Amino acid sequence: MKLGLSTFAGVLAASLALTGLAQAETLKASHQFPGGKGDARDEMVQLFAKELAAADVGLDVQVYPGQSLYKAKEQWGALTKGQLDITSFPLDYASGRVPQFSATLMPGLVRNHDRAKRLNSSPFMTEIKKLIEDNGAIVIADAWLGGAFASKKNCITSPDSIQGQVTRAAGPAFEQMLVGAGASISSMASSEVYTGMQTGVLDAANTSSGSFVSYRLFEQVSCLTEPGENSLWFMYEPMLISKETYERLTPEQQAAVMAAGKKAEEYFDKEAAGLDDKMVETFKKAGVEVVSMSKDDYDAWLAIAKETAYKEFAENVPGGQKLIEDALAVE
111 MKLGLSTFAG
121 VLAASLALTG
131 LAQAETLKAS
141 HQFPGGKGDA
151 RDEMVQLFAK
161 ELAAADVGLD
171 VQVYPGQSLY
181 KAKEQWGALT
191 KGQLDITSFP
201 LDYASGRVPQ
211 FSATLMPGLV
221 RNHDRAKRLN
231 SSPFMTEIKK
241 LIEDNGAIVI
251 ADAWLGGAFA
261 SKKNCITSPD
271 SIQGQVTRAA
281 GPAFEQMLVG
291 AGASISSMAS
301 SEVYTGMQTG
311 VLDAANTSSG
321 SFVSYRLFEQ
331 VSCLTEPGEN
341 SLWFMYEPML
351 ISKETYERLT
361 PEQQAAVMAA
371 GKKAEEYFDK
381 EAAGLDDKMV
391 ETFKKAGVEV
401 VSMSKDDYDA
411 WLAIAKETAY
421 KEFAENVPGG
431 QKLIEDALAV
441 E
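Numbering (the numbering used here), first residue to last: 111 to 441.
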């Protein structure tokens with residue numbers, strides 16, 4: 111008996127599946143952080159990949175670290191168009207497309223790791239996640255990072271200590287506050303800060319504790335202002351999956367993705383606070399001066415933030431005032 115081509119293909123596929131030789135679909139995961147060098151964001155994505163493979167639902171993940179697949183700020187567009195499946199992504203990088211995302215890097219809005227965890231289940235984050243989904247992505251793991259200031263010139267403590275310096279800030283809200291304090295801005299991704307300082311484009315920068323270490327910024331600065339008890343800088347850097355990708359998965363595969371995301375989130379939650387300590391230890395070992403911001407300094411910065419970033423956000427971003435109020439309402 112002769113088989114038609116379509117019949118033969120169906121028999122072959124069934125045979126491969128029965129013999130365990132059918133290939134799993136490979137999802138592409140991209141991020142900007144160094145791969146295999148201890149960066150907790152890379153390790154979070156790698157753990158997710160292992161957990162998803164172990165679930166045995168026909169899905170594998172190929173991780174592309176260090177901007178090897180997409181540049182840092184290109185990832186949001188690729189993800190929401192379905193060209194990229196998964197990313198670990200600083201959400202504020204997409205605030206040019208979704209201005210409400212600037213609330214996830216608003217000076218002084220989070221302040222510490224415990225508050226960040228409480229925010230995850232608040233009306234504030236419910237709205238942020240709705241906006242993420244409305245724009246073509248879905249959160250599979252929450253991640254907040256504390257951050258710091260550093261300078262080649264002098265220690266950054268009170269607002270007047272940054273006057274005249276060219277600095278990098280991760281997003282528009284911080285840029286507005288820093289300009290209000292007398293700094294000049296050079297915008298770039300955290301992966302570009304080292305070169306910016308090395309070439310003299312930058313005098314100072316603020317970024318996450320993890321990035322300060324993984325990008326070896328201790329080689330370029332003379333003083334670090336650690337997060338401590340008065341941290342202005344906290345950034346939401348979740349793991350996201352393309353909505354287009356997620357919706358074409360089977361219910362079993364979707365459940366496995368979310369379960370693997372939960373494991374990744376639990377891992378990162380344990381690591382997050384330790385990133386601040388690791389940064390301080392690494393910079394001190396490298397001979398960099400490390401200082402803390404006093405409560406008075408923090409309050410002075412916050413006053414500038416409220417007159418610049420908070421005001422701009424509330425007046426010009428749809429729903430901006432409510433987002434700020436919802437975040438501040440979290441005890």
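From the three backbone atoms N, C-alpha and C, an ideal C-beta is built for every residue, glycine too.
Small disclaimer: the values here were computed from a predicted structure and weren't measured.
One alpha carbon belongs to residue 429, the other to residue 415, and they sit about 18 angstroms apart.
Secondary structure note for residue 426: its alpha helix (DSSP H) is the uninterrupted segment 421-426. Residue 352 sits buried, since 16 or more C-beta atoms from the chains shown fall within 10 Å of its C-beta. Residue 358 counts as exposed, since fewer than 16 other beta carbons sit within 10 angstroms of its beta carbon. Counting every other CB atom within 10 Å of its CB across the protein chains shown gives residue 278 a total of 16 or more, marking it as buried.
In this structure, residue 171 and residue 194 do not form a Cβ contact; the two beta carbons are roughly 12 angstroms apart against a cut-off of 8 angstroms. Beta bridge pairing from DSSP links residue 211 with no other residue. Membership of residue 160 in any beta strand (DSSP E) is not indicated; the residue belongs instead to the alpha helix (DSSP H) covering 150-164. Residue 399 has 333 as its beta-bridge partners, per DSSP. Annotation for residue 398: 328, 331, 332, 333, 334 place their beta carbon closer than 7 angstroms to its own, counting only its chain and skipping 5 residues before and after. If you check the CB distance, residue 287 and residue 217 come in under 8 angstroms.
C-alpha of residue 342 to C-alpha of residue 166: approximately 42 angstroms in a straight line. With a threshold of 16 other beta carbon atoms within 10 Å, residue 202 meets it and is buried. Residue 326 sits exposed, since fewer than 16 C-beta atoms from the chains shown fall within 10 Å of its C-beta. The bridge partners DSSP lists for residue 349 are 198, 251. Sorting 158, 188, 314 by C-alpha distance to the C-alpha of residue 246 places 188 at the top. Residue burial is scored here from C-beta neighbours: residue 319 has at least 16 other C-beta atoms within 10 angstroms and is therefore classed as buried.
Assigned with DSSP and collapsed to three states, residue 143 falls in coil, not helix or strand.
CA-to-CA, the gap between residue 259 and residue 340 works out to about 12 angstroms.
By the 16-neighbour rule on beta-carbons within 10 angstroms, residue 256 is buried. In the three-state reduction of the DSSP assignment, residue 174 falls in the strand class, which pools E and B. In the three-state DSSP reduction, residue 272 falls in the helix class (H, G or I). It is roughly 20 angstroms from the alpha-carbon of residue 142 to the alpha-carbon of residue 312.
Its chain contains 276, 277, 278, 279, 285, 288, 289 as the residues whose beta carbon lies nearer than 8 angstroms to that of residue 295, once the 5 sequence neighbours on both sides are disregarded; these appear in chain order. Of 419, 152, 405, the smallest CA-CA separation from residue 178 is found for 152. Residues 251, 252 of the same chain have their beta carbon placed closer than 6 angstroms to that of residue 375, with the five preceding and five following residues left out of the count. Residue 338 and residue 361 have their C-alpha atoms spaced approximately 43 angstroms apart. Burial of residue 159 is indicated by the presence of at least 16 other C-beta atoms within 10 angstroms of its C-beta. Rounded to the nearest angstrom, the gap between the Cα atoms of residue 387 and residue 394 is 11 angstroms. Around the beta carbon of residue 221, 16 or more other beta carbons sit within 10 angstroms, so the residue counts as buried. In the displayed model, residue 290 falls within a helix according to three-state DSSP. Where residue 319 is concerned, there is no enclosing beta strand (DSSP E), although the alpha helix (DSSP H) around it starts and stops at 319-324. Residue environment for residue 206: exposed (fewer than 16 other C-beta atoms within 10 angstroms of its C-beta). Taking the C-beta atoms as reference points, residue 140 is found no nearer than 8 angstroms to residue 190. Around the C-beta of residue 231, fewer than 16 other C-beta atoms lie within 10 Å, and the residue is accordingly described as exposed.
Linking residue 401 to residue 155 through their CA atoms gives a straight-line distance of about 32 angstroms.
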